[in-house]
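Residue numbers (the numbering used here), protein chains in the order written: chain A, 55 to 393; chain B, 55 to 393. Ideal Cβ positions, reconstructed from N, Cα and C, are used throughout, including at glycine. If you're wondering where the values come from, they're calculated on a predicted model, not measured in any experiment.
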């Protein structure tokens, strides 16, 4: 079967995201305008650096969730655009600080901002975007929404510190891994969905919990798939963008499952290879081999699919619409990325 | 004349701050309690690191300004305590990120947090405290105050980036120096005073602009004196804590004035010595000599005194009370530190 005979998963992915982008065309244009306007500053490094990372080809997944959640509850408005922008600024600030903390050289296939402008500018422009996110939220005038996003911001930072503290831990329990990704990733997806719902007025208040549950489970599925993709997902092709977590010595679900299912020899391998002082260049290929041969790759994707299904279930209390359909398809998309 | 025959400036300083601490005893106790409670987290690094820097002997100058501003407008309340705590958290987050950016080894006479827990923990715990500051502000329920502190946070980050961009600039204009310190330091003093006033109710709204002007000018005076103290102020004793700015190649008011008043030879010295690749260990002593001999030290303090006087003038529209007297004395304190 050739790629042209049946659409590949990559094509389906593209079509779901593109469909949602089409449905949100006006809202996304308003959000892009705010993303550019609100990163403005008389200090040139600020718009240059933030423009570099903001325009580096992110999918705008989080703003799309905010916007679609609002539409699922009756409609997006100017406040929703401000919140979608704030959510993307918080995400961008996190990326800038993450790249410094992880010493990552690449982000979205380009040189990390820190490699172009330096660590210091990345730290400080991250702080600037984070503050600007709050100014945008303040402009919506809704204390309840401010609370959601400020609480989420503490939780994200807490998750990042927790991940830092877990680095180098050989026997990271699955529960601790899940607690870390719930904090560092799912909390913002959850807040993005909830804030979008609340921005839409009364119907939004009624459905905010359901959309928050959708966002949280979607975020968990998304991060688990991301962690699977870092070992090539379930495909046998090892792309260039593989092995970042491994080279940072991070335990993630694929390694946790592979280690748990492994022989004594395999466990000894993981303990040595995830210790950065003992890791060798040849270890990544063996790690991928073990993740495939123990079925850890499939088990990881199954775990992601379970969360994506929870996300879809959460939508059932909402009135059916093209928006609930699109949000549901987005959950499928998150899992299909892994294949 | 011996030190015991007449109180030294250091003694007067102590007495002014101690008097204010006494007047604010109950409010400061409530603030300290919040500082500790709101840095709590199940992730041990967070309370450990933030406790280390928060309890490292800061004077709580900014929270005292918030609290005293509220009292000058009728009284502090629980909301004022939350804001005083938020202001100190924002300040602490800034210190944590500053120490990473400046690669400073000492803070308040102790090892910088980054030297104990590492740069990464300092960046992420700074983010956490910044987010917690917003959660505290949200709890006050006052959008107008949230706007003040979120705007100030953008301005601070903008000032830090501006300072970064100015590093290594040989002929930094005085106006650019003032714009940097207004953003990185005075904006938080201004917001601290304004937020305190607004937390006090109607009288506070009436006097918020005056107290904001007080805070801004006090912040300028404070930072200018800090920059003078980095070259030993006007005393001839060179303490241990001298030369940080110099070793970072930062142009500050003392060096700007000394360079402007210097001979061609002096200008060549400044251009070489503030270039980190050409600076030698012997240069600091000569820099201090030039700052003293050109009268730049005295001129710097005179500039600080002018801002302190503006701060005091701003208080004149308020009803006189022990609080306006204490705030006025605090402005004198900021300048007297330099002698």
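Q. In chain B, which residues lie with their C-beta within 7 Å of the C-beta of residue 100/A?
A. Sequence index remark: in the first chain, residue 100/A carries index 46 (1-based). Within 7 Å Cβ-Cβ: 212, 215.
Q) I think residue 268/A touches residue 369/A, with their Cβ atoms under 8 Å apart; what is that distance to the nearest whole Å? A) Sequence index remark: in the first chain, residue 268/A carries index 214 (1-based). Sequence index remark: in the first chain, residue 369/A carries index 315 (1-based). Beta-carbon to beta-carbon, residue 268/A and residue 369/A are separated by about 6 Å, close enough to satisfy the 8 Å threshold.
Q. Going along chain A, which residues have a C-beta under 7 Å from residue 219/B?
A. Taking the second chain and counting its residues from 1, one reaches residue 219/B at position 165. Residues of chain A passing the Cβ test: 97, 99.
Q) So, does the CB of residue 166/A fall closer than 8 Å to a CB anywhere in chain B? A) To locate residue 166/A, count along the first chain from 1; it is residue 112. For residue 166/A, the closest Cβ of chain B is not nearer than 8 Å.
Q | Test: residue 201/A CB closer than 8 Å to a CB of chain B | A | Residue numbering aside, residue 201/A sits at position 147 when the first chain is read from its first letter. Contact of residue 201/A with chain B is assigned, a C-beta pair being separated by under 8 Å.
Q | Sufficient close CB pairs (3 or more, under 8 Å) joining the stretch 258-277 of chain A to the stretch 335-342 of chain A | A | No contact exists between the stretch 258-277 of chain A and the stretch 335-342 of chain A.
Q) Taking the continuous alpha helix (DSSP H) assigned at residue 427/A, which residues delimit it? A) The shown model of chain A, from 55 to 393, leaves out residue 427/A, and the question about it has no answer.
(Q) Less than 8 Å between the beta carbons of residue 93/A and residue 144/A, yes or no? (A) Indexing the first chain from 1 puts residue 93/A at position 39. Indexing the first chain from 1 puts residue 144/A at position 90. Cβ atoms of residue 93/A and residue 144/A: not closer than 8 Å.
Q: Assign residue 75/A to one of three DSSP states: helix, strand, or coil.
A: Counted from its first residue, the first chain places residue 75/A at position 21. Three-state DSSP puts residue 75/A in a helix.
Q. So which residues on chain B does residue 132/A lean against when the C-beta distance must stay under 9 Å?
A. Position 78 of the first chain holds residue 132/A. Residues of chain B whose Cβ lies closer than 9 Å to the Cβ of residue 132/A do not exist; the shortest such Cβ separation is about 16 Å.
**Q.** Span separating the alpha-carbon of residue 149/B from that of residue 313/B
**A.** The sequence position of residue 149/B within the second chain is 95, counting from 1. The sequence position of residue 313/B within the second chain is 259, counting from 1. Residue 313/B has its alpha-carbon roughly 29 Å from the corresponding atom of residue 149/B.
Q | Under the three-state DSSP convention, the category residue 238/A falls into | A | Locating residue 238/A in the first chain gives position 184, where the first residue counts as 1. Helix at residue 238/A.
Q) Helix, strand or coil: how does DSSP classify residue 332/A here? A) The residue given as residue 332/A occupies position 278 in the first chain. In this structure, residue 332/A counts as coil in the three-state DSSP scheme.
Q) Within 10 angstroms of its Cβ, does residue 58/B collect 16 or more other Cβ (buried), or is it exposed? A) Here residue 58/B refers to the residue found at position 4 of the second chain. Reliability of the predicted coordinates at residue 58/B is poor, the pLDDT of 38 falling under 50, and no value is obtained from them.
Q.
Within a Cβ cutoff of 8 Å, which residues of the same chain sit near residue 155/A, ignoring the five residues on either side of it in sequence?
A. Along the first chain, read from residue 1 onward, the residue named residue 155/A stands at position 101. Excluding positions up to five away in sequence, the list reads 214, 218.
Q: Can you give me, in chain order, the residues of the stretch 172-202 of chain B that have a beta carbon less than 7 Å from any beta carbon in chain A?
A: Under the 7 Å Cβ criterion, the stretch 172-202 of chain B contributes 174, 175, 177, 178, 179, 181, 182, 184, 185, 186, 188, 189, 192, 195, 197, 200, 201.
Q) What residues in its chain sit with their C-beta under 6 Å from that of residue 271/B, if we drop five residues either side in the sequence? A) Taking the first residue of the second chain as 1, we reach residue 271/B at position 217. Contacts found: 361, 364, 365.
Q | Among 274/B, 182/B, 122/B, nearest to residue 356/B - alpha-carbon criterion | A | By 1-based counting over the second chain, the position of residue 356/B is 302. Nearest to residue 356/B by alpha-carbon distance, out of 274/B, 182/B, 122/B, is 274/B.
Q) Considering only the beta carbon of each residue, do residue 321/A and residue 353/A sit closer than 8 Å? A) Here the question's residue 321/A lines up with position 267 in the first chain. Here the question's residue 353/A lines up with position 299 in the first chain. In this structure, residue 353/A does not lie closer than 8 Å to residue 321/A by Cβ.
Q.
Quick check on residue 196/A: does DSSP put it in helix, strand or coil?
A. Within the first chain, residue 196/A is the residue found at index 142, counting from 1. Under the three-state reduction of DSSP, residue 196/A is assigned to coil, being neither helix nor strand.
Q) In or out: residue 216/A buried (at least 16 other Cβ within 10 Å) or exposed? A) What you label residue 216/A is simply residue 162 of the first chain in a count that begins at 1. Per the 10 Å Cβ criterion, buried.
(Q) I believe residue 238/A touches residue 328/A by the beta-carbon criterion, under 8 Å. Please report the beta-carbon distance rounded to the nearest angstrom. (A) Your numbering for residue 238/A matches position 184 in the first chain. Your numbering for residue 328/A matches position 274 in the first chain. The C-beta distance from residue 238/A to residue 328/A rounds to 19 Å, too long to meet the 8 Å contact threshold.
Q | residue 155/B at chain A interface by Cβ criterion, 8 Å | A | Within the second chain, the letter at position 101 stands for residue 155/B. True, the Cβ-Cβ gap to chain A drops below 8 Å.
Q: Evaluate residue 79/A with the Cβ neighbour count: other Cβ atoms within 10 Å of its Cβ, from every protein chain shown; 16 or more gives buried, anything less gives exposed.
A: Within the first chain, numbered from 1, the residue matching residue 79/A stands at position 25. Label assigned to residue 79/A: exposed.
Q.
Strictly below 7 Å CB to CB, what residues from chain B border residue 208/A?
A. Taking the first residue of the first chain as 1, we reach residue 208/A at position 154. Near residue 208/A (Cβ distances below 7 Å), the residues of chain B are 182, 185, 186, 189.
Q | Reference residue 200/B, options 245/B, 125/B, 74/B, closest by Cα | A | Against the second chain, residue 200/B aligns to sequence position 146. Distance from the Cα of residue 200/B is smallest, within the candidate group 245/B, 125/B, 74/B, for 245/B.
Q: Could you tell me whether the Cβ of residue 305/A comes closer than 8 Å to any Cβ of chain B?
A: To locate residue 305/A, count along the first chain from 1; it is residue 251. Residue 305/A does not count as touching chain B.
Q.
With distance defined between alpha-carbon atoms, name the residue in 85/A, 335/A, 122/A nearest to residue 374/A.
A. Taking the first chain and counting its residues from 1, the one referred to as residue 374/A is at position 320. Taking the Cα of residue 374/A as reference, the smallest distance to any Cα among 85/A, 335/A, 122/A is reached at 122/A.
Q. Cα separation between residue 19/B and residue 323/B?
A. Outside the shown range of chain B, which is 55 to 393, sits residue 19/B, and nothing can be said about it.
Q. So what's residue 372/A in DSSP terms, helix, strand or just coil?
A. Mapped onto the first chain, residue 372/A falls at position 318. Residue 372/A: coil per DSSP, three-state reduction.
Q | Simplified DSSP state of residue 27/B, which is helix, strand or coil | A | Past the boundaries of the shown model lies residue 27/B; chain B is included only from 55 to 393, so the question cannot be answered.
Q) Out of curiosity, what's the CA-to-CA distance linking residue 165/A and residue 286/A? A) Locating residue 165/A in the first chain gives position 111, where the first residue counts as 1. Locating residue 286/A in the first chain gives position 232, where the first residue counts as 1. Looking at the backbone, the Cα of residue 165/A and that of residue 286/A are separated by about 21 Å.
Q | Other residues of its chain near residue 381/B: CB distance less than 7 Å, five sequence neighbours each side excluded | A | As a position in the second chain, residue 381/B is number 327, starting the count at 1. 122, 126, 268, 369, listed in sequence order.
Q. Shortest alpha-carbon distance to residue 211/B belongs to which of 389/B, 345/B, 106/B, 242/B?
A. As a first step, residue 211/B must be located in the second chain, where it is residue number 157. With distances taken between Cα atoms, residue 211/B lies closest to 242/B.
Q. To which residues of the same chain is residue 236/A closer than 8 Å at the C-beta, ignoring the five residues directly before and after it?
A. Here the question's residue 236/A lines up with position 182 in the first chain. Listed in chain order, the non-local C-beta contacts of residue 236/A below 8 Å within the same chain comprise 213, 270, 273, 274, local neighbours out to five positions each way being set aside.
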